[in-house]
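Student: Here it is: the structure, laid out below.
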Amino acid sequence: MTLTSGTLPDTPTAPACPAARPVASPAPGRLRRRVRSVSPAAALGLASFALYALYALRHHARFDTGAYDLGIFGQGVRAYADLRLPTSEIRAATAAPGLQDVAFPLLGDHFHPVLATLAPLYGLFPHIETLLIAQAALAAWSVYVVTRSGGPWIGTAYALSWGIQNLIGFDVHEVAFALPLLALALAAYLDGRWTACAAWASALLLVKEDLGATVLVLGLLMLRRGPGSARRAGLALCVLGPAAAALIVLVVIPHFNPGGAYVYLGSQDPAGTLAASGTKALTLLMTLLPTLFLAARSPLLLLALPTLVWRFLSDNPSYWGIYFHYSAVLMPIVFFALIDAVSRGKSPSRLRGRIPLAVALTAAAIGAFFPLARIVTPGFWTDTPRITAARQAVGLIPNGARVAASQNLAPHLTDRATVFLFAPDITDIRRQPVDWIVSDTERTGIGTRPGPPEVSGFRQVFAAHGYVVLRRK
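Per the working numbering, residue 980 is the first one in the sequence shown, and the count goes up by one each step.
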């Protein structure tokens, strides 16, 4: 289902060249046909991939990524590539006392076995940048699906949406897999392909445990569509979604967690739902604004409720606002709700033809305040003395070393060393079996303060522009 489409006239087929005549390059007419054969959806998807990957790689090269979460997922995927269950020495920094000097089992934190699909790619290209490129590809795939259903303007608006930008601008996260899966499921829903919709939605259960509730809501929407096949597929999702989520939260994650529990159940604070109401209201406003609030005319918007509910009920302020990666999963939902509203005539008729362009212009205006706008600023491409010093510091750490690294340095070492988080306010360096420390003494990170330039038992081997490398005496 495409809201806007155009068909170019076919170019007459050029006569075939004789076999004996060498041809140095394709004929101009043939080149034009090749260009025209690339659909707008494919072209926009490829352009989005290039933009996302370019930004992510440069963002990382500037030492703006962090141990939380790029370093953690780098260690987890590296473990999968080594045919081990995913573990992370970095994640152990915020584990229970007594676990900070061991590798934390990541399946005891969140349920994301879909990350194992990155292991073959990482095995071929064992670098942390592989994860950044893979995430860019996943987001671009969802752009292709949205564009194929909604047309180029709505696809452009989705590609520039603030939720996608914040995902690309914040390290790597498993929710990147949810973007194409949700887009494919909702495209199948609008086309009436119920088996395909249920299959794509079921795969969400391998991305993160909270998506079981989203699967349930999609099943309920399918039940109300009427046809027998829709009801059967919807009933399957209504059973599978909550059953799988309960099994994962109550059995699977506690099995892998050293404490024997799913720790995030205790982080909910229903009594505090009125706290920071302004921040939460802004999140709701920003969720609907890219679609000019027309997404509210579609029942598909109900799919956003599970994600918004668990975020707003949490006692963690990071979940309430519009930053980090938490809103990325909402973007396919609101844009397919927009497509549904427009295609069903649930939008004002006098505006219907102008909606796609208006949505694209709105997304571009909003997007100017989010990460991808940095790509056109000269400073983004300039290596400052601090960046050069950071590159020198991590270059001193030998392959295979055991090292404690600051938040912004850790992900640059996880593909060739055993990395712990150097965070003086939450970890005890005496408990970490490391021979090297590479520290940023100026910049704070998630849950950390700057590290001291000296540590007992270590000697300094490098210091420049706030970066210090220490080696055990």
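Each residue gets a CB set at the ideal place from its N, CA and C atoms; glycine is no exception.
Apply the 10 Å Cβ neighbour rule to residue 1152 and answer buried if 16 or more other Cβ atoms are within range, or exposed otherwise.
Tutor: When all chains shown are included, residue 1152 counts as buried.
Student: Roughly how many angstroms separate the alpha carbons of residue 1443 and residue 1420, rounded to a whole number?
Tutor: Rounded to whole angstroms, residue 1443 to residue 1420 spans 10 Å at the Cα level.
Student: Where does residue 1228 fall in DSSP's three states?
Tutor: Residue 1228 falls in the helix class under three-state DSSP.
Student: What's the gap between the Cα of residue 1134 and the Cα of residue 1297?
Tutor: So the two alpha carbons sit approximately 28 Å from each other.
Student: Excluding sequence positions up to five away, which residues of its chain have a Cβ less than 6 Å from the Cβ of residue 1351?
Tutor: So the qualifying residues of the chain are 1034 and 1144.
Student: CA-CA distance, residue 1340 and residue 1045?
Tutor: Spanning the two alpha carbons is a distance of roughly 32 Å.
Student: Can you list, in chain order, the stretches of the alpha helix (DSSP H) that have 4 or more residues and sit fully within the stretch 1278-1314?
Tutor: Correct list: 1284-1292.
Student: Check each candidate in 1311, 1048 and 1282 and name the one with the smallest Cα separation from residue 1149.
Tutor: Among 1311, 1048 and 1282, the Cα nearest to that of residue 1149 is on 1048.
Student: Locate the beta strand (DSSP E) running through residue 1441, then write down its first and last residues.
Tutor: That run of the beta strand (DSSP E) goes 1437-1443.
Student: Could you pull the start and end residues of the beta strand (DSSP E) that residue 1416 belongs to?
Tutor: Run containing residue 1416: 1415-1419, per the beta strand (DSSP E) assignment.
Student: Let me check understanding here. Comparing Cα to Cα, which of 1422, 1042 and 1407 lies closest to residue 1434?
Tutor: Here the closest residue by C-alpha is 1407.
Student: In or out: residue 1306 buried (at least 16 other Cβ within 10 Å) or exposed?
Tutor: By the neighbour-count rule (16 or more Cβ atoms within 10 Å), residue 1306 is buried.
Student: Would you check if the stretch 1211-1229 and the stretch 1111-1130 touch, i.e. whether three or more CB-CB distances between them fall below 8 Å?
Tutor: The stretch 1111-1130 is not in contact with the stretch 1211-1229.
Student: Closer than 8 Å is the cut-off here; do at least three beta carbon pairs connect the stretch 1165-1179 with the stretch 1354-1373?
Tutor: Too few Cβ pairs lie closer than 8 Å, so no.
Student: Taking the alpha-carbon of residue 1268 as reference, which of 1301, 1293, 1244 and 1239 has the nearest alpha-carbon?
Tutor: Minimum Cα distance to residue 1268 is reached at 1301.
Student: Give the single residue among 1282, 1098, 1299 and 1401 whose Cα lies nearest to the Cα of residue 1197.
Tutor: When each option's Cα is compared against that of residue 1197, the closest is 1282.
Student: Keeping to the same chain, check which residues put their C-beta closer than 6 Å to that of residue 1126; ignore five residues upstream and five downstream.
Tutor: Cβ neighbours of residue 1126 beyond the five flanking positions: 1020, 1023 and 1134.
Student: Which term fits residue 1067, buried or exposed, when burial requires 16 or more other beta carbons within 10 angstroms of its beta carbon?
Tutor: So residue 1067 ends up on the buried side.
Student: Leaving aside the five residues before and after residue 1278 along the sequence, list all residues of the same chain whose C-beta is less than 7 Å from its C-beta, in chain order.
Tutor: Taken in chain order, the residues that qualify are 1200.
Student: Run through DSSP, which three-state label would residue 1359 get?
Tutor: Residue state, collapsed to three classes: helix.
Student: Just checking, does the stretch 1410-1419 make contact with the stretch 1378-1387 on the three C-beta pairs under 8 Å criterion?
Tutor: Because the criterion of three Cβ pairs below 8 Å is met, the stretch 1410-1419 and the stretch 1378-1387 touch.
Student: Leaving out five residues before and five after residue 1110 in sequence, what residues of the same chain have Cβ atoms less than 8 Å from its Cβ?
Tutor: Around residue 1110: 1049, 1052, 1053, 1056, 1097, 1101 and 1151.
Student: Of all the options 1128, 1294, 1112 and 1071, which has the alpha carbon lying nearest to the alpha carbon of residue 1320?
Tutor: Comparing Cα positions, the closest option is 1128.
Student: Using DSSP with H/G/I as helix, E/B as strand and the rest coil, what is residue 1083?
Tutor: Residue state, collapsed to three classes: strand.
Student: Using the Cα positions of residue 1039 and residue 1335, report the straight-line distance between them to the nearest angstrom.
Tutor: Taking the straight line from one Cα to the other gives about 34 Å.
Student: How would you write the range of the beta strand (DSSP E) that residue 1268 sits in, first residue to last?
Tutor: Per DSSP, residue 1268 belongs to no beta strand (DSSP E) and is neither H nor E.
Student: Since I believe residue 1083 is in contact with residue 1070 (beta carbons under 8 Å), could you give me their beta-carbon distance rounded to a whole number of angstroms?
Tutor: Right, their Cβ atoms sit about 4 Å apart.
Student: Any idea what DSSP makes of residue 1240, helix, strand or coil?
Tutor: Three-state DSSP puts residue 1240 in coil, outside helix and strand.
Student: Taking the alpha-carbon positions, what's the residue 1400 to residue 1164 distance?
Tutor: Distance between the alpha carbons of residue 1400 and residue 1164: 38 Å.
Student: Can the beta-carbon of residue 1280 be found closer than 7 Å to that of residue 1316?
Tutor: Their beta carbons are under 7 Å apart, which means residue 1280 touches residue 1316 by this criterion.
Student: Among the residues of its own chain, which have a CB less than 7 Å from the CB of residue 1041, if the five just before and after it don't count?
Tutor: Only 1366 meet the Cβ criterion.
Student: What are the start and end residues of the beta strand (DSSP E) that includes residue 1434?
Tutor: Segment: none, residue 1434 is in no beta strand (DSSP E) and carries neither H nor E.
Student: Using a threshold of 7 Å, state whether the C-beta atoms of residue 1338 and residue 1136 are closer than that.
Tutor: Yes, they are a contact pair.
Student: Less than 8 Å between C-beta atoms, sequence neighbours within five positions excluded: which residues of the same chain meet that for residue 1229?
Tutor: Only 1241 meet the Cβ criterion.
Student: Can we count residue 1415 as close to the ligand NAP, meaning its CB is less than 6 Å from some heavy atom?
Tutor: The ligand NAP is not among the ligands present in this structure, which contains no ligands whatsoever.
Student: Around the C-beta of residue 1029, are 16 or more other C-beta atoms found within 10 angstroms, so that it is buried, or is it exposed?
Tutor: By the 10 Å Cβ count, residue 1029 comes out exposed.
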